[in-house]
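So the protein lines, in turn, are chains A and B. Position one of the first sequence corresponds to residue 1 (the numbering used here), numbered consecutively onward. Position one of the second sequence corresponds to residue 1001 (the numbering used here), numbered consecutively onward. This report refers to the structure that appears directly beneath it.
Protein chains: 2
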Amino acid sequence: MFVNVNANLANRARFIGEFDSLPDTQVAFSEFKYSRGAEVFGEAEPADYIYQVVSGAVRSYKLLSDGRRQIGAFHLVGDIFGLGNGAAHRFTAEAIVDTTLRLVRRTSLEHVAETNALVARNLLSMTANNLQHAEDHMLLLGRKTSLERVAAFLLEMDCRLTAAGVMALPMSRRDIADYLGLTLETVSRALSYLHDRGILGFLGQTQRQIVLLDRVALAELDL
Amino acid sequence: MFVNVNANLANRARFIGEFDSLPDTQVAFSEFKYSRGAEVFGEAEPADYIYQVVSGAVRSYKLLSDGRRQIGAFHLVGDIFGLGNGAAHRFTAEAIVDTTLRLVRRTSLEHVAETNALVARNLLSMTANNLQHAEDHMLLLGRKTSLERVAAFLLEMDCRLTAAGVMALPMSRRDIADYLGLTLETVSRALSYLHDRGILGFLGQTQRQIVLLDRVALAELDL
DNA sequence: CGGTGGGTTGAGGTATTTCAAGGCTCGTGG
DNA sequence: CCACGAGCCTTGAAATACCTCAACCCACCG
Chain A
1 MFVNVNANLA
11 NRARFIGEFD
21 SLPDTQVAFS
31 EFKYSRGAEV
41 FGEAEPADYI
51 YQVVSGAVRS
61 YKLLSDGRRQ
71 IGAFHLVGDI
81 FGLGNGAAHR
91 FTAEAIVDTT
101 LRLVRRTSLE
111 HVAETNALVA
121 RNLLSMTANN
131 LQHAEDHMLL
141 LGRKTSLERV
151 AAFLLEMDCR
161 LTAAGVMALP
171 MSRRDIADYL
181 GLTLETVSRA
191 LSYLHDRGIL
201 GFLGQTQRQI
211 VLLDRVALAE
221 LDL
Chain B
1001 MFVNVNANLA
1011 NRARFIGEFD
1021 SLPDTQVAFS
1031 EFKYSRGAEV
1041 FGEAEPADYI
1051 YQVVSGAVRS
1061 YKLLSDGRRQ
1071 IGAFHLVGDI
1081 FGLGNGAAHR
1091 FTAEAIVDTT
1101 LRLVRRTSLE
1111 HVAETNALVA
1121 RNLLSMTANN
1131 LQHAEDHMLL
1141 LGRKTSLERV
1151 AAFLLEMDCR
1161 LTAAGVMALP
1171 MSRRDIADYL
1181 GLTLETVSRA
1191 LSYLHDRGIL
1201 GFLGQTQRQI
1211 VLLDRVALAE
1221 LDL
């Protein structure tokens, strides 16, 4: 269906410069485009690069043998992902929409980290942030009700991607469901419930542009 | 009910030496005992120390306001925990049984990491291991059935604490349930099911000593 | 001994899933 | 320009996996 962009990596470098979030270092990076649905890397593939989202959005997930999917994280503009993987990736990463990524060789970054304590500290702190997110998500997946999960999701996305009062979700109901450990129907019902209560509103007809009308009520649903 | 041992930290140091798992460094540590049920640290408390289990076992968990509990990890003999917390702990940690811990000041370790790349690398790799565990656990909590969860738990504990063919679980059914996002009754039923199938056996009458009779069947239940 | 803290098992309830139908949007092609 | 299908979302009804409530057992301990 989609071209695997990785195959063309060597031919498509566009730009070399500094990795913004790792100041005071000279690490070469390249920039690539992935079309909607394209795989950035697969689970268990060698982890040669780490990535930063320039535009678009990415989902990382694990699959069970029968197709059940758990999305571990959404990566939005500015996010860095593909870290803390040791030699091999532990997730599959896919572009949710057309996406541009910056990538740097993992080895080059690790090499710099050997001598530069600031970079080493940065790597550790980014990994610790990922860990914190995963820990919070375990609580959500293990112990929260469907409504609490959806409320938590909306509040998270509100922080991360609301612009001008409106939250434009890049991901489908199925993606949200697989992130929250629910079915897409349950997510849809929870959103309808919140809509009926006047806690959120939809803009346009796509159902992906959401306005949070009552953040307080939402925060009370999350615990 | 239980004395908070932290209050007595300064008075009870017993031993100073090297932290085994951080070779080539001179980091001072102390050793303390916690009785069954004692809190090692609470969520949101300042993270002054990191810990290593010398004997016993520890659970780290988060609570929701209404008492729902999610155990994020069990820490068994040799495990290091309390890492990657930034300035404050994100879990509560409690001794499951009478437990001895080694502790080192977080600041002293971080200080060493500034100059010693090996220690820095070690910190990163331990944090990455915690992250990997959390990622795997998200898949379990979000997408696995109760039987799959219990099978995965048994296989994990089998690796981590089986001695002489028998697995002596330190934790109660309730702890297991809160680790797996289930109720204790569901855990008990899953264990009974596996017992009835001849996949595992109980030793003694406490139901906490388990023998895995058919690891292959168990691995097939996990996916 | 009586009480307490596990653990198991049964019966019934319920939150969420599953199955099914229908609507809306958008791109494509006749 | 409209018909058509595909993808996405919503909603309803029925099924079910897991939870809740409750009883009971057993080991341990003062």
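Note that CB positions come from ideal geometry on N, CA and C, so glycine has one too. Note that the structure is predicted; figures quoted are calculated from it, not measured.
Which one of LEU1182/B, ALA1151/B and LEU1161/B has the shortest CA to CA distance from LEU1200/B?
ALA1151/B
Return the Cβ separation of HIS1089/B and GLU1043/B in integer angstroms, given the expectation that the two are a contact with Cβ distance under 8 Å.
6 Å
Rounded to whole angstroms, what is the Cα-Cα separation between ASP1158/B and ARG1149/B?
14 Å
GLN132/A - containing alpha helix (DSSP H), residue span
117-143
Against chain B, which members of the stretch 140-154 of chain A pass a CB distance test of less than 9 Å?
LEU140, LEU141, GLY142, ARG143, LYS144 and GLU148
Output, in sequence order along the chain, the residues in the stretch 59-83 of chain A whose CB is closer than 8 Å to any CB in chain B.
LYS62, LEU64, SER65, ASP66, ARG68, ARG69, GLN70 and GLY72
Curious, which full-length beta strand (DSSP E) runs of at least 3 residues does the stretch 63-88 of chain A contain?
69-75
CB HIS1075/B to CB ALA1057/B, shorter than 9 Å?
yes
Rounded straight-line distance, which links the Cα of ASP48/A to that of LEU1064/B:
39 Å
At the 9 Å Cβ level, is MET972/B part of the contact set with chain A, yes or no?
Beyond the ends of chain B as shown, which are 1001 and 1223, falls residue 972/B; an answer cannot be given.
Considering only the alpha carbon of each residue, which of GLY1037/B, ARG1036/B, TYR1061/B and SER1172/B lies closest to LEU142/A?
Note that residue 142/A is Gly in the sequence shown, not Leu. Considering only alpha carbons, the answer is TYR1061/B.
Please check if any C-beta of chain B sits within less than 9 Å of the C-beta of ASP175/A.
no
Do the stretch 190-207 of chain A and the stretch 90-104 of chain A make contact, defined as three or more Cβ pairs closer than 8 Å?
no
Quick check: what's the CA-CA separation for LEU124/A versus ALA1073/B?
20 Å
Please return the same chain residues whose Cβ sits closer than 8 Å to the Cβ of LEU1218/B, not counting the five positions on each side in sequence.
ALA1151, LEU1154, LEU1155, LEU1194, ILE1199, LEU1200 and LEU1212
How is ARG1160/B classed by DSSP in three states: helix, strand or coil?
helix
Alpha carbon of ARG951/B to alpha carbon of THR1186/B, nearest angstrom:
With chain B represented from 1001 up to 1223, any question about residue 951/B goes unanswered, as that position is not in the structure.
Hey, does THR1092/B have any beta-carbon neighbour from chain A nearer than 9 Å?
no
Can you tell which of ASP136/A, ARG59/A, LEU184/A and GLN209/A has its C-alpha closest to the C-alpha of ALA163/A?
GLN209/A
Between ILE96/A, LEU161/A, PRO46/A and PHE81/A, which has its C-alpha nearest ARG173/A's C-alpha?
ILE96/A
So what does ALA1095/B bridge to, in DSSP terms?
VAL1058/B
Smallest Cα separation from ARG36/A: which of GLY84/A, SER30/A, GLN52/A and GLU94/A?
GLU94/A
Taking 9 Å as the CB-CB limit, is LEU218/A close to chain B?
no
Can you give the beta carbon distance from VAL1104/B to ALA1190/B, rounded, assuming they're within the 8 Å contact cut?
With 8 Å as the limit, VAL1104/B and ALA1190/B do not qualify as a contact, their Cβ atoms being about 39 Å apart.
Output needed for GLY82/A: all residues of its chain with C-beta closer than 6 Å, excluding positions within five of it in sequence on either side, in chain order.
ILE50 and TYR51
Chain A contact residues for LEU1128/B, given Cβ-Cβ distances below 7 Å
Before going on, a small fix: residue 1128/B reads as Ala here, not Leu. The answer, in chain order, is GLY84, GLY86 and THR127.
Just tell me which of ASN1085/B, VAL1166/B, LYS1144/B and ARG1160/B has its CA closest to the CA of GLY1181/B.
LYS1144/B
Checking 9 Å against the spacing of the C-beta atoms, do HIS1137/B and ALA177/A come in under that value?
no
What is the residue span of the alpha helix (DSSP H) that ILE1210/B lies within?
No alpha helix (DSSP H) holds ILE1210/B; the beta strand (DSSP E) holding it covers 1209-1212.
Output the distance between the C-alpha atoms of LEU203/A and SER188/A, rounded to the nearest integer angstrom.
16 Å
Should GLN1070/B go down as buried or exposed, given a rule of 16 or more other Cβ atoms within 10 Å for buried?
buried
For a quick check, are the C-beta atoms of ALA1113/B and VAL1119/B less than 9 Å apart?
yes
Residue-chain proximity (ARG121/A, chain B), Cβ-Cβ < 9 Å
yes
For ARG106/A and LEU115/A, the rounded distance between their alpha carbons:
The displayed chain sequence assigns Thr, not Leu, to residue 115/A. Approximately 15 Å between the Cα atoms of the pair.
So, for ASP214/A: in the same chain, excluding its five sequence neighbours on each side, which residues have a beta-carbon less than 6 Å away from its beta-carbon?
ILE199
Check whether chain A comes within 9 Å of ASP1214/B, counting only Cβ atoms and requiring the distance to be less than that.
no
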